[in-house]
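S.K.:
Chains as they are written, first to last, in the numbering used here: chain A, 7 to 338; chain B, 10 to 551.
1. First and last residue of the beta strand (DSSP E) that includes residue 231 (chain B)?
2. Show which residues of chain B have a CB atom less than 7 angstroms away from the CB atom of residue 334 (chain A).
3. So with CB distances below 7 angstroms, who are the chain B contacts of residue 297 (chain A)?
4. Under 9 angstroms, Cβ to Cβ, is there at least one residue of chain B near residue 329 (chain A)?
5. List the residues of chain B whose Cβ lies closer than 8 angstroms to the Cβ of residue 280 (chain A), in chain order.
6. Less than 9 angstroms separating the beta-carbons of residue 495 (chain B) and residue 186 (chain B)?
7. To be precise: take each residue of the stretch 327-350 of chain B, compare its Cβ to all Cβ atoms of chain A, and keep it if any distance is under 8 angstroms. Which residues remain?
8. For residue 127 (chain B), go through chain A and note every residue whose CB falls closer than 7 angstroms to its CB, in chain order.
9. Determine the DSSP secondary structure at residue 146 (chain B), reduced to helix, strand or coil.
10. Residue 197 (chain B) and residue 453 (chain B): beta carbons closer than 9 angstroms?
11. So, under 8 angstroms CB-CB, residue 173 (chain A) and residue 310 (chain B) are touching, yes? Tell me the CB distance rounded to an integer number of Å.
12. When the Cα of residue 92 (chain A) is compared with those of A:109, A:332, A:309, A:273, which residue comes out closest?
13. Considering only the alpha carbon of each residue, which of B:449, B:461, B:403 lies closest to residue 430 (chain B)?
14. What residue range does the alpha helix (DSSP H) around residue 245 (chain A) cover?
15. Is residue 258 (chain A) closer than 9 angstroms to residue 335 (chain A) when the C-beta atoms are compared?
16. If you follow the beta strand (DSSP E) that residue 143 (chain A) is in, where does it begin and where does it stop?
17. Could you spell out the range, first to last residue, of the beta strand (DSSP E) harbouring residue 274 (chain A)?
18. List, in chain order, every chain B residue whose beta-carbon is nearer than 8 angstroms to that of residue 142 (chain A).
19. Under a Cβ-count criterion, where at least 16 other Cβ atoms within 10 Å of its own Cβ denotes burial, should residue 443 (chain B) be classed as buried or exposed?
20. Taking residue 433 (chain B) as the reference, give the member of B:440, B:463, B:439, B:404 with the closest Cα.
21. From the beta carbon of residue 507 (chain B), is the nearest beta carbon of chain A less than 9 angstroms away?
22. Is the Cβ of residue 174 (chain A) closer than 9 angstroms to any Cβ of chain B?
23. When you compare only the Cα positions, how much space is there between residue 81 (chain B) and residue 125 (chain B)?
24. Checking contacts by CB at 9 angstroms: is residue 320 (chain B) closer than that to chain A?
25. Between the stretch 105-112 of chain A and the stretch 187-196 of chain A, can you find at least three pairs of beta-carbon atoms closer than 8 angstroms?
26. If contact is defined by three or more beta carbon pairs under 8 angstroms, each pair taking one atom from either stretch, is the stretch 327-339 of chain B in contact with the stretch 243-263 of chain B?
27. Write down the C-beta distance between residue 267 (chain A) and residue 321 (chain A) rounded to the nearest angstrom, noting that I regard them as a contact closer than 8 angstroms.
28. Consider the Cβ of residue 517 (chain B): report whether some Cβ of chain A lies at a distance smaller than 9 angstroms.
29. Flag residue 233 (chain B) as yes if its beta-carbon sits less than 9 angstroms from any beta-carbon of chain A, otherwise no.
30. Starting from residue 243 (chain B) and walking both ways along the alpha helix (DSSP H), at which residues does that stretch end?
31. Report, in whole angstroms, the separation of the C-beta atoms of residue 450 (chain B) and residue 200 (chain B), which I expect to be a contact under 8 angstroms.
32. 9 angstroms is my cut-off, CB to CB: does residue 259 (chain B) come that close to chain A?
33. Assign residue 385 (chain B) to buried or exposed, taking buried as 16 or more other Cβ atoms, counted over all protein chains shown, within 10 Å of its Cβ.
34. Relative to the alpha-carbon of residue 274 (chain A), which residue among A:127, A:216, A:161, A:262 has its alpha-carbon at the smallest distance?
35. Kindly list the residues whose CB is nearer than 7 angstroms to the CB of residue 295 (chain B), restricted to its own chain and excluding five residues on each side of it in sequence; keep chain order.
36. Measure the alpha-carbon distance for residue 226 (chain B) versus residue 363 (chain B) and round it to whole angstroms.
This is the structure:
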């Protein structure tokens with residue numbers, strides 16, 4: 007989430023810069039010349055941005071060359087130069103492995119559930135907090151709902167294990183004392199997805215709401231006063247004032263989220279994964295771990311990672327253009 | 010636009026980075042099933058040591074008194090020996106003990122330490138560039154680079170020479186076979202206990218119910234049912250199960266049970282001469298029936314498929330169950346934890362290492378990669394002539410002696426430890442850590458541990474039993490064999506039989522579906538593995 011927060015900040019800056027650039031470029035159609043001119047004029051600014059550019063070139067772009075190992079049979083001691091070139095063999099193995107469809111389905115379903123339940127939960131929480139008038143109470147609640155974000159998945163999953171296990175788990179003890187049969191929450195495949203979403207919401211909703219709360223502070227109070235004068239109820243104000251005001255933020259977050267469609271978070275799923283729920287719980291990341299990394303198959307793992315990134319990229323472009331079509335500002 | 014792209018590409022890079030980190034993280038662990046022995050003989054500050062040491066750096070506390078010099082001629086010139094070894098602790102040992110080793114073995118020893126966290130990369134570059142030492146610790150026989158190097162002939166094939174050295178002569182054939190690559194024994198095997206598993210069972214519960222310690226599977230089932238139904242802890246409540254299994258059951262404890270029924274250790278040779286995995290053996294299915302039955306009757310904890318190792322330990326210490334198939338050293342860990350939990354004196358564990366089916370033989374499957382932790386290799390580039398190689402072997406032989414073992418394990422008598430009859434008393438744990446601990450990761454033969462007595466009777470018992478296990482040890486035949494398909498696919502498709510096991514035991518699927526999972530395994534590459542392993546086996550043996 008913090009990654010997204012950063013991106014968003016960066017993105018907002020980007021938008022501002024871009025919109026001003028648009029205005030300027032409208033006046034100067036011959037770009038090449040204007041760029042040179044621009045460099046000359048603002049060389050100090052460009053000098054200041056240079057370390058950042060160099061950083062990205064060295065640490066972000068240059069290592070991308072390593073992607074070639076997805077097309078090789080890479081062994082570290084042979085190096086990239088001497089490793090055998092195998093073309094698309096790793097991709098073929100992945101797509102033909104018989105589990106690909108299952109992985110795709112599981113990943114998409116989990117992502118869909120995430121989008122439907124976990125994503126709006128932050129917005130909902132932010133709006134509810136926004137409606138709270140007692141500042142001290144509001145701050146207190148805010149702090150408490152942030153906290154789970156700082157608990158690692160290992161702990162979260164362990165807590166759920168302690169609560170839900172069939173041997174002395176608190177929830178199952180209650181269920182049993184009420185005369186019902188114990189529920190195998192952790193091993194029954196149909197419980198995996200609900201648990202996954204509940205954990206996602208519990209851990210992420212508070213942290214995710216920060217960005218919306220920030221956006222909500224910028225809403226013009228006069229709009230509420232005007233709505234109040236017009237006799238709008240609290241819900242009508244939320245619907246007609248609050249939500250439209252934070253719509254750009256929501257759209258941006260949504261686009262970023264879509265880019266993460268295949269990145270559901272390895273550790274969370276891996277910790278919940280067991281032999282009984284594998285059919286619904288195995289996703290790309292966990293598959294890569296068992297099939298590739300535990301065997302030291304760097305090339306295969308890279309190929310799958312590459313595939314995931316490409317899908318993510320396509321989806322971001324798609325979501326962005328959709329956002330623009332419905333009249334919203336995209337992320338670029 | 011640019012920024013977003015950067016973002017996406019940086020994600021790619023981050024992904025690749027994460028992969029490499031994961032890779033190096035799991036690189037340290039050859040086999041999931043090889044468990045860390047909570048050191049069988051250690052007395053002092055267990056927690057600290059457990060935290061700070063790798064499994065290799067156990068500390069022994071026993072010693073015997075004889076002060077015999079090795080065979081070296083006192084007047085012979087000291088030989089310079091360099092040793093590239095793995096450092097499992099934070100800092101290398103101080104010179105004090107190394108000096109003592111020099112005096113003892115009449116050498117000038119220089120260590121080149123490679124931190125355990127970077128051993129793969131360092132070893133890769135060292136092997137590629139040929140910058141090695143007289144002795145190179147090759148601790149990962151499954152690593153492609155190390156395997157290739159060992160099979161390439163760049164190291165001395167020491168097998169013909171081992172018999173000339175009294176302390177290297179008795180390295181078991183099973184261990185030697187496990188270390189060979191392409192039929193070459195590229196170094197002296199690092200000897201570890203071969204089979205540490207057995208059954209630990211609550212003696213006090215047995216006594217409460219008037220039962221005997223079980224040694225056969227039928228007896229075990231009777232005891233298990235009594236533990237479930239007859240209130241073994243006498244608290245008047247129906248709150249106990251019998252066997253505490255955990256999520257790794259398939260590859261750990263259940264593998265042992267299948268072994269009792271005759272299944273091979275991971276891979277074995279069938280009567281037809283094929284190399285086949287253990288989950289295709291009849292014994293495997295029989296053991297599965299047994300487990301399903303026990304599970305159905307409530308004798309196995311219902312959440313075993315999701316129980317972590319530490320929770321298993323907790324459950325054992327809290328007396329939720331009374332039977333664990335695990336490393337025999339674990340009984341003491343359960344006991345210690347129970348004491349920590351304030352239940353001192355309420356718990357007594359019996360150890361069993363001769364479980365078998367009626368009329369069957371006792372089989373102890375190796376849980377330590379056939380009892381080897383790699384090899385100490387002697388590169389021809391550093392030690393070109395045979396005499397030099399023999400001198401290095403002589404040094405290894407000296408270090409494999411009891412005295413050498415004690416030097417690398419406990420340090421110097423009078424400085425790091427003192428004798429109390431047949432028991433070593435540590436003088437200063439901190440000093441031991443500084444001077445000696447790092448050396449214990451480079452010992453020749455950890456079996457020497459078991460030649461000493463231990464003041465803790467429980468440890469003494471488990472040491473003895475682990476030592477005795479050696480004669481019933483069942484080795485995995487696969488380590489010296491080659492199969493490309495195995496290297497590529499095994500961890501992926503082993504999920505098929507593994508998942509089927511849990512589902513079957515918990516009653517979700519039928520035996521037909523289990524067999525179907527095996528068929529799928531064969532179809533998705535298993536058949537190829539069997540063929541490749543069989544071909545490789547025939548080539549080596551025949």
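Here a beta-carbon is modelled for each residue, glycine too, at the ideal position from N, C-alpha and C.
M.R.: The answer reads as follows:
1. Translated into the one-based positions of the second chain, residue 231 (chain B) becomes position 222. Per DSSP, residue 231 (chain B) belongs to no beta strand (DSSP E); it is in the alpha helix (DSSP H), 226-238.
2. Looking up residue 334 (chain A) in the first chain gives position 328. Against chain B, a Cβ distance below 7 angstroms from residue 334 (chain A) picks out nothing, because the smallest value is about 15 angstroms.
3. As a first step, residue 297 (chain A) must be located in the first chain, where it is residue number 291. Neighbours of residue 297 (chain A) on chain B, chain order: 500, 501.
4. Along the first chain, one-based indexing puts residue 329 (chain A) at 323. For residue 329 (chain A), the answer is no, since every Cβ of chain B falls outside 9 angstroms of its Cβ.
5. Walking along the first chain from the start, residue 280 (chain A) turns up at place 274. What residue 280 (chain A) touches in chain B: 256, 314, 315, 511.
6. To locate residue 495 (chain B), count along the second chain from 1; it is residue 486. To locate residue 186 (chain B), count along the second chain from 1; it is residue 177. Their beta carbons are not under 9 angstroms apart, which means residue 495 (chain B) does not touch residue 186 (chain B) by this criterion.
7. 329
8. As a first step, residue 127 (chain B) must be located in the second chain, where it is residue number 118. Those do not exist, as residue 127 (chain B) stays about 12 angstroms from chain A at its closest Cβ, beyond 7 angstroms.
9. As a first step, residue 146 (chain B) must be located in the second chain, where it is residue number 137. In the structure shown, residue 146 (chain B) sits in a strand (DSSP, three-state: E or B).
10. Residue mapping note: residue 197 (chain B) aligns to position 188 of the second chain, counting from 1. Residue mapping note: residue 453 (chain B) aligns to position 444 of the second chain, counting from 1. Going by C-beta atoms, residue 197 (chain B) is nearer than 9 angstroms to residue 453 (chain B).
11. Taking the first residue of the first chain as 1, we reach residue 173 (chain A) at position 167. Taking the first residue of the second chain as 1, we reach residue 310 (chain B) at position 301. That belief holds up - the Cβ atoms of residue 173 (chain A) and residue 310 (chain B) are roughly 5 angstroms apart, short of 8 angstroms.
12. One-based indexing of the first chain puts residue 92 (chain A) at position 86. Out of A:109, A:332, A:309, A:273, A:309 has the C-alpha closest to the C-alpha of residue 92 (chain A).
13. As a working note, residue 430 (chain B) is residue 421 in the second chain. Looking at the Cα atoms, B:461 is the closest of the given residues.
14. What you label residue 245 (chain A) is simply residue 239 of the first chain in a count that begins at 1. No alpha helix (DSSP H) holds residue 245 (chain A); DSSP gives it neither H nor E.
15. The residue you call residue 335 (chain A) lines up with position 329 of the first chain. The residue you call residue 258 (chain A) lines up with position 252 of the first chain. The answer is yes: Cβ separation under 9 angstroms.
16. Reading the first chain from its first residue, position 137 is the one you call residue 143 (chain A). From DSSP, residue 143 (chain A) is part of no beta strand (DSSP E) but of the alpha helix (DSSP H) over 141-152.
17. Position 268 of the first chain, counting from 1, holds the residue named residue 274 (chain A). Residue range 272-278 is occupied by the alpha helix (DSSP H) that includes residue 274 (chain A), with no beta strand (DSSP E) assigned at that position.
18. The sequence position of residue 142 (chain A) within the first chain is 136, counting from 1. Those within 8 angstroms of residue 142 (chain A) in chain B number zero; the least Cβ separation is about 38 angstroms.
19. Numbered from 1 along the second chain, position 434 holds the residue referred to as residue 443 (chain B). With 16 or more Cβ atoms within 10 Å of its Cβ, residue 443 (chain B) is classed as buried.
20. On the second chain, position 424 is the one that residue 433 (chain B) refers to. Minimum Cα distance to residue 433 (chain B) is reached at B:463.
21. As a working mapping, residue 507 (chain B) is identified with position 498 in the second chain. Judged by the 9 angstroms Cβ criterion, residue 507 (chain B) is in contact with chain A.
22. As a position in the first chain, residue 174 (chain A) is number 168, starting the count at 1. Yes, contact with chain B.
23. Indexing the second chain from 1 puts residue 81 (chain B) at position 72. Indexing the second chain from 1 puts residue 125 (chain B) at position 116. Annotation note: pLDDT 46 at residue 81 (chain B) (below 50); position unreliable, no value reported.
24. Counted from its first residue, the second chain places residue 320 (chain B) at position 311. Answer yes: the Cβ-Cβ gap between residue 320 (chain B) and chain A drops below 9 angstroms somewhere.
25. no
26. yes
27. Counted from its first residue, the first chain places residue 267 (chain A) at position 261. Counted from its first residue, the first chain places residue 321 (chain A) at position 315. Going by Cβ atoms, the distance from residue 267 (chain A) to residue 321 (chain A) rounds to 5 angstroms, so yes, they are a contact pair.
28. By one-based count along the second chain, residue 517 (chain B) stands at place 508. Yes - at least one Cβ of chain A is within 9 angstroms of the one on residue 517 (chain B).
29. As a first step, residue 233 (chain B) must be located in the second chain, where it is residue number 224. Answer no: the Cβ-Cβ gap between residue 233 (chain B) and chain A never drops below 9 angstroms.
30. Working through the second chain from its first residue, we reach residue 243 (chain B) at position 234. Here residue 243 (chain B) belongs to no alpha helix (DSSP H), and DSSP marks it neither H nor E.
31. Your numbering for residue 450 (chain B) matches position 441 in the second chain. Your numbering for residue 200 (chain B) matches position 191 in the second chain. Not really, about 14 angstroms apart at Cβ, beyond 8 angstroms.
32. Within the second chain, numbered from 1, the residue matching residue 259 (chain B) stands at position 250. Closer than 9 angstroms to some Cβ of chain A, the Cβ of residue 259 (chain B) qualifies, so yes.
33. Stepping through the second chain from its first residue, residue 385 (chain B) is reached at position 376. Buried, because 16 or more other Cβ atoms sit within 10 Å of the Cβ of residue 385 (chain B).
34. Here residue 274 (chain A) refers to the residue found at position 268 of the first chain. Measuring from the Cα of residue 274 (chain A), the nearest candidate turns out to be A:161.
35. Walking along the second chain from the start, residue 295 (chain B) turns up at place 286. Excluding sequence neighbours, residue 295 (chain B) sits near 270.
36. Numbered from its first residue, the second chain carries residue 226 (chain B) at position 217. Numbered from its first residue, the second chain carries residue 363 (chain B) at position 354. Taking the straight line joining both Cα atoms gives about 11 angstroms.
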